[in-house]
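To keep things clear, I will list the structure first and then write my remarks on it.
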Amino acid sequence: MNKIDRSLTLLTRAVKVMPGGVNSPVRAYRAVGGTPPFIESANGARLTDVDGNEYIDYVGSWGPMLLGHACPAVVEAVREAALTGMSFGAPTEREVELAEKIVSMVPSLESVRLVNSGTEATMSAVRLARAATGRRIVLKFEGCYHGHAYSFLIKAGSGAATFGEPSSPGVTPGTASDTRNAAFNDLESVEAVFSANPRNVACVIVEPVAGNMGCVPPEPGFLEGLREITESDGALLIFDEVMTGFRVAKGGAQERYGVTPDLTTHGKIIGGGLPVGAYGGRKDLMEQISPVGPVYQAGTLSGNPLATAAGLSMLTRIDEDEGIYDRLEALGARLQAGLEDALADAGVEGTVPRVGSMLCLYFSERPVRRWSDAAAADAEKFRRYFHAMLDAGIYLAPSAFEAGFISAAHTEDDIDATIAAAREAIRG
Ligand code: HOZ
């Protein structure tokens, strides 16, 4: 067992002043039990907690740390920016450079607006879709998570699924009635919503690789089918690439799968570890955003100098590193194969879906294609596996309904050490 004295002391203080002692629910470890390690520092692929335990990290701050923690170039960019002022609430050169960089890297983006989180990005993109189409219904997928704006907290993934509250109280019946859910990888369920709501679906929003119910890749034809259905009905297609953007390929899932959405949302990697989100797409759509058009959206800290410095430094490094996605793919494949062998050798039913450097392990007897499959996986086995891995120094997301992330700072030795730990953990 890891030493947890100082983490426990901090948790005791934290619960007195913060709900559950945390600022984001999954961190409280309620799904797996036990005390969350409070993190003191991180470097490369490793985290160190306040009790001195060291871990190989597969959370990567839930996605942003593609280059590993405390990447020297990113740290230096932030330091330099801080010396010249933390926030101006006025246009800066660096936000233009970051917007240019994002537009140049993501195939479908012609114009982009920087915000402060993925939630802000998705909320704003849906407002724009409703305004542009004059329609009200948003179609999302069970187990997908698009942040915590009202329209999305119906059958949502991530923490909402982890805590068994996929439809949050506090969302009014009016808002809920404007949201429809379909099943991921099931075009018939999408068509059924369109048939029942002719010319009234404003948009379909989808995580092109679902990363908030574990990791569920799109089956061949699914994203293409969404494109066809939305196009023929006049609805917009929104790819929520908060997780997949700059992760599954330089141009995100839209590049990897060759499907072009109307709007895209980003977060995580574009902030290099600082709070940034973005939404963008076709210029004619983005010109409906204030001050060019009537759709209002604003933010005091949007385009913040520190966040744009971190994001620009990170994206520049990614853009210039020709081999980065091949290396991430190879590390991902090595981990996937090692985990699959560990399951097979132990005679334990399970599956390890992966797209590039994004993956998870379901203790499931059947393939996981959508939320109903993910929800049926063995939660108790996951809980035991999670704790055995943590004790072995492997830091995984504390929920079966989250994806794991590999960074460019992970080495083959890290992956092999993780597989060795998993062999023991799976055997129990
Ligand atoms: N909803 C995030 C993962 N999908 C968790 C964020 C956090 O706890 O930091």
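Numbering (this note's numbering), first residue to last: -5 to 422. Ideal Cβ placement from N, Cα and C applies to all residues, glycine included.
In terms of side-chain proximity, the C-beta atom of Ser358 is found no nearer than 6 Å to any non-hydrogen atom of the ligand HOZ. The beta carbon of Phe82 sits closer than 8 Å to the beta carbons of Pro299 from its chain, once the five residues preceding and following it are set aside; these are given in chain order. The DSSP-derived three-state label of Ile413 is helix. The C-alpha of Ser189 is placed about 45 Å away from the C-alpha of Ala402. In this structure, the CA atom of Phe240 is about 7 Å from the CA atom of Ile263. Annotation for Gly219: the continuous alpha helix (DSSP H) segment containing it runs 216 to 227. Shown here, Thr258 sits in a strand according to DSSP, grouped into three states.
For Ala303 and Ala115, the gap between their C-alpha atoms comes out near 19 Å. Taking 4 residues as the minimum length, the alpha helix (DSSP H) runs contained wholly in the stretch 69 to 118 are 87 to 99, in order along the chain. Just so you know, the alpha carbons of Leu217 and Ser1 end up roughly 43 Å apart. Taking one beta carbon from each stretch, the stretch 197 to 215 and the stretch 125 to 135 have 3 or more pairs nearer than 8 Å; the two touch.
For Ala204, the beta-bridge partners assigned by DSSP are Val210. In terms of side-chain proximity, the C-beta atom of Val289 is found no nearer than 6 Å to any non-hydrogen atom of the ligand HOZ. When Pro30, Lys10, Leu61 are compared, the shortest CA-CA separation from Gly317 is found for Leu61.
In this structure, the CA atom of Val342 is about 12 Å from the CA atom of Glu418. Under the three-state reduction of DSSP, Phe233 is assigned to strand. Checking the 6 Å criterion, the Cβ of Ser152 is within range of a heavy atom belonging to the ligand HOZ.
One alpha carbon belongs to Cys209, the other to Leu181, and they sit about 19 Å apart. Shown here, Arg250 sits in a helix according to DSSP, grouped into three states.
Not one heavy atom of the ligand HOZ sits closer than 6 Å to the Cβ of Asn110. Collapsing the DSSP output to three states places Lys134 in a strand.
Nearest C-alpha to Val203 among Gly153, Leu231, Ala247: Ala247. With a cutoff of 6 Å, Arg21 counts as near the ligand HOZ, since its C-beta is closer than that to a heavy atom of the ligand. Close CB contacts of Ala411 within its chain, under the 7 Å cut and outside five residues either way in sequence, are with Ile50 (chain order). Around the beta carbon of Ala338, a 10 Å sphere encloses fewer than 16 other beta carbons of the protein chains shown; the residue is thus reported as exposed. The secondary-structure analysis by DSSP pairs Arg40 across a beta bridge with Asn37, Ile50. Fewer than three Cβ pairs drawn from the stretch 306 to 316 and the stretch 269 to 281 lie within less than 8 Å of each other, which leaves the two stretches out of contact.
Here Val362 is buried. Its C-beta has 16 or more other C-beta atoms within 10 Å. Shortest Cα-Cα distance from Gly350 to any of Phe357, Gly205, Gly267, Arg88 involves Gly205. The ligand HOZ approaches Ser18 closely enough that one of its heavy atoms is under 6 Å from the residue's Cβ. The ligand HOZ never approaches Trp365 closely enough for any of its heavy atoms to be under 6 Å from the residue's Cβ. Using a 10 angstroms sphere on the CB of Asp256, the tally of other CB atoms reaches 16 or more, which defines it as buried. Counting other Cβ atoms within 10 Å of its Cβ, Leu77 stays below 16 and is therefore classed as exposed.
Beyond the five residues adjoining it in sequence on each side, Gly79 comes within less than 7 Å, by CB distance, of Pro299 in the same chain, given in chain order. Placement of the Cβ of Asn206 at a distance of less than 6 Å from at least one heavy atom of the ligand HOZ is found. The bridge partners DSSP lists for Cys197 are Val132, Leu230.
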